[in-house]
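For this note's numbering, add 107 to where a residue sits in the sequence shown, where the first one is 1.
Where is the CB? At the ideal position from N, CA and C, for every residue including glycine.
These notes are about the structure you will find just below.
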Amino acid sequence: MKYSNDDIEFCSPAEIDDFQNERLREAVAYLAANSPYYQRIFSREGIDPASIRTIDDLQRLPFTEKRDLQLYNRDFLCVPAEKIVDYITTSGTLGDPVTFGCTDHDLDRLAYNEMKSFACAGVGPGNIVQLMTTLDKRFMAGLAYFLGIRRLGASIIRVGNGMPELQWDTITRLHPDTIMCVPSFILRLIDYAEQNGIDYRNSSIRRIIGIGEGLREQDFSLNLLGRRIREKWDVELFATYSSTEMGATFSECPCGCGGHVHPELIIVEIIGEDNRPVADGEQGEVVVTTLGVEGMPLLRFRTGDISRKITGQCGCRRNSYRLTPLVGRKNNMIKLKGTTIYPPAINDVLDNTPYVSNYVVVVQDSYAGTDEVVVKAGIAGNHPFDIIKDLKDRFRSRIRVAPIVEVLSPEDVHRINFPGSNRKPVKFIDKRHKD
Numbered sequence: 108m109k110y111s112n113d114d115i116e117f118c119s120p121a122e123i124d125d126f127q128n129e130r131l132r133e134a135v136a137y138l139a140a141n142s143p144y145y146q147r148i149f150s151r152e153g154i155d156p157a158s159i160r161t162i163d164d165l166q167r168l169p170f171t172e173k174r175d176l177q178l179y180n181r182d183f184l185c186v187p188a189e190k191i192v193d194y195i196t197t198s199g200t201l202g203d204p205v206t207f208g209c210t211d212h213d214l215d216r217l218a219y220n221e222m223k224s225f226a227c228a229g230v231g232p233g234n235i236v237q238l239m240t241t242l243d244k245r246f247m248a249g250l251a252y253f254l255g256i257r258r259l260g261a262s263i264i265r266v267g268n269g270m271p272e273l274q275w276d277t278i279t280r281l282h283p284d285t286i287m288c289v290p291s292f293i294l295r296l297i298d299y300a301e302q303n304g305i306d307y308r309n310s311s312i313r314r315i316i317g318i319g320e321g322l323r324e325q326d327f328s329l330n331l332l333g334r335r336i337r338e339k340w341d342v343e344l345f346a347t348y349s350s351t352e353m354g355a356t357f358s359e360c361p362c363g364c365g366g367h368v369h370p371e372l373i374i375v376e377i378i379g380e381d382n383r384p385v386a387d388g389e390q391g392e393v394v395v396t397t398l399g400v401e402g403m404p405l406l407r408f409r410t411g412d413i414s415r416k417i418t419g420q421c422g423c424r425r426n427s428y429r430l431t432p433l434v435g436r437k438n439n440m441i442k443l444k445g446t447t448i449y450p451p452a453i454n455d456v457l458d459n460t461p462y463v464s465n466y467v468v469v470v471q472d473s474y475a476g477t478d479e480v481v482v483k484a485g486i487a488g489n490h491p492f493d494i495i496k497d498l499k500d501r502f503r504s505r506i507r508v509a510p511i512v513e514v515l516s517p518e519d520v521h522r523i524n525f526p527g528s529n530r531k532p533v534k535f536i537d538k539r540h541k542d
């Protein structure tokens, strides 16, 4: 189909809808011809794939769950094994990790996705991006960032995660203007700079693109973590949302009013408790259908993430819909003393408490059968005040209720954060017995 602009995100909402409907028909036809898993689903549900014509028709199809990917992983593969050029594994946030196989085409698609996402955040040829993420350990994100920056025509410095000393040495030597990392690591960079006399405020860094952690509230104002970074360092802050399963990224533009969807790469539904789409602007679970994936495309995949869809033209003039910062994960919702909260709200308090080195949040059933939350906080050194009382006061001021607080050494908490060979820290442990 033809549309009036080189970038579909700037086209009219009607053109975007028509475009996505056409891409959906292509994706369903491809699955019907090549996916053993979805062939079974269409047959079992008595659905003619050709009858799925529009996004509204998706409601006739069942959801794809994380457990489906775990139980029938190879049945999702749509190409012969010899066409797979890269194997990627999810982080296992919701259970056992899942392996995805990417073809040459899929890697090109990843590069295109990240090229558009970085461009959305204002990165272009001439910029230098320091990647504080890993490119190994079967991790998709680091590879995708590298491919996207390369395609965009900007310069890349591959440093990897952690190592504040090496990060600052690299900044001093090569003068990057953009950092991409987990936002809470920025506080460690600032702390290291202040302890070692590094004039970070006058460094070359002008932009920070965050992954894996939120920087904004639902009204798009900076959250506690974002404000703490901005108070220390006058840089532009951009948040992103992505996952291996989506193979796409929602990146903020300079307006900071939600992560923009790339309509040629993904369809997003926001699903309520009744498993039906909610009205635009209402909160629900993010459900995605990938477009243009060759190796392992997905149809109506439940991410477990809670967000809202924002429509209407953005200040950047894009007409593609946006997603608000994540509220939390559906399976991780906590009912504490009559208040509904999600782990990110607890994390916000802990991330912005200067004497907390690290932490883990444990949710378990109480004697009365309600949710009980225990925060195990890693605290270094001695402090001239009641740490437990101070932490509980901080929680009450932020989320109105206080969990149980246990004080441990940072070393003890680190062992909980990194069990076995985990590459991501475990900050949330759910011990509740769920039906």
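DSSP three-state label for residue 137, please. Helix.
Determine the burial state of residue 157: buried for a count of at least 16 other Cβ atoms within 10 Å of its Cβ, exposed for fewer. exposed
Suppose contacts are defined by Cβ-Cβ distances below 8 Å. Is residue 346 in contact with residue 338 by that definition? no
Say whether the segment 205-212 touches the segment 419-427, bearing in mind that this needs 3 or more beta-carbon pairs closer than 8 Å, one atom from each stretch. Not touching, per the Cβ criterion.
What do you reckon, are the CB atoms on residue 413 and residue 379 nearer than 8 Å? Result no, Cβ atoms of residue 413 and residue 379 do not sit closer than 8 Å.
Looking at residue 322 and the ligand FMN, is the gap between the Cβ and the nearest heavy atom below 7 Å? The ligand FMN is not part of the structure shown, which contains no ligands of any sort.
Excluding sequence positions up to five away, which residues of its chain have a Cβ less than 7 Å from the Cβ of residue 537? 439 and 470
Going by DSSP, name the residue or residues bridged to residue 314. Residue 314 is bridged to 285 and 343.
Closest Cα partner of residue 126 within the set 238, 162, 446 and 448: When only C-alpha atoms are compared, the closest one is 162.
Nearest-angstrom Cα distance between residue 113 and residue 371? 12 Å
Alpha helix (DSSP H) runs wholly inside the segment 153-231, at least 4 long, in chain order: 173-178 and 211-227
Unbroken stretches of the beta strand (DSSP E), 3 residues or longer, contained in the segment 482-538: With a minimum length of 3 residues, the continuous beta strand (DSSP E) runs that stay inside the segment 482-538 are 511-515 and 535-537.
Report, in whole angstroms, the separation of the C-beta atoms of residue 463 and residue 485, which I expect to be a contact under 8 Å. 7 Å
Within its chain, find whatever has a CB closer than 8 Å to the CB of residue 507; leave out the 5 residues flanking it on each side and keep chain order. 446
Terminal residues of the continuous alpha helix (DSSP H) containing residue 257? 247-259
With 16 as the cutoff for other CB atoms within 10 Å, does residue 451 come out buried or exposed? buried
Where the alpha helix (DSSP H) through residue 543 begins and ends: Since the first residue of the chain shown is 108 and the last is 542, residue 543 is not available in this structure.
Put residue 276 into one of helix, strand or coil per three-state DSSP. Of the three classes helix, strand and coil, the one that applies to residue 276 here is helix, per DSSP.
Please report the straight-line C-alpha distance between residue 261 and residue 189, rounded to a whole angstrom. In this model, residue 261 and residue 189 are separated by some 32 Å (Cα to Cα).
Considering just the uninterrupted stretch of the alpha helix (DSSP H) at residue 300, what are its terminal residues? 290-302
3-residue-minimum beta strand (DSSP E) runs that sit fully inside the segment 388-466, ordered along the chain: 390-397, 408-417, 441-443 and 446-448
Looking at C-alpha atoms only, which residue of 386, 427 and 404 is the closest neighbour of residue 216? 404
For the beta strand (DSSP E) that residue 376 lies in, which residues bound it at each end? 373-378
Straight-line Cα distance separating residue 269 from residue 246: Going by the C-alpha atoms only, they are around 16 Å apart.
How is the beta strand (DSSP E) around residue 236 delimited, first residue to last? Here the beta strand (DSSP E) through residue 236 covers 235-238.
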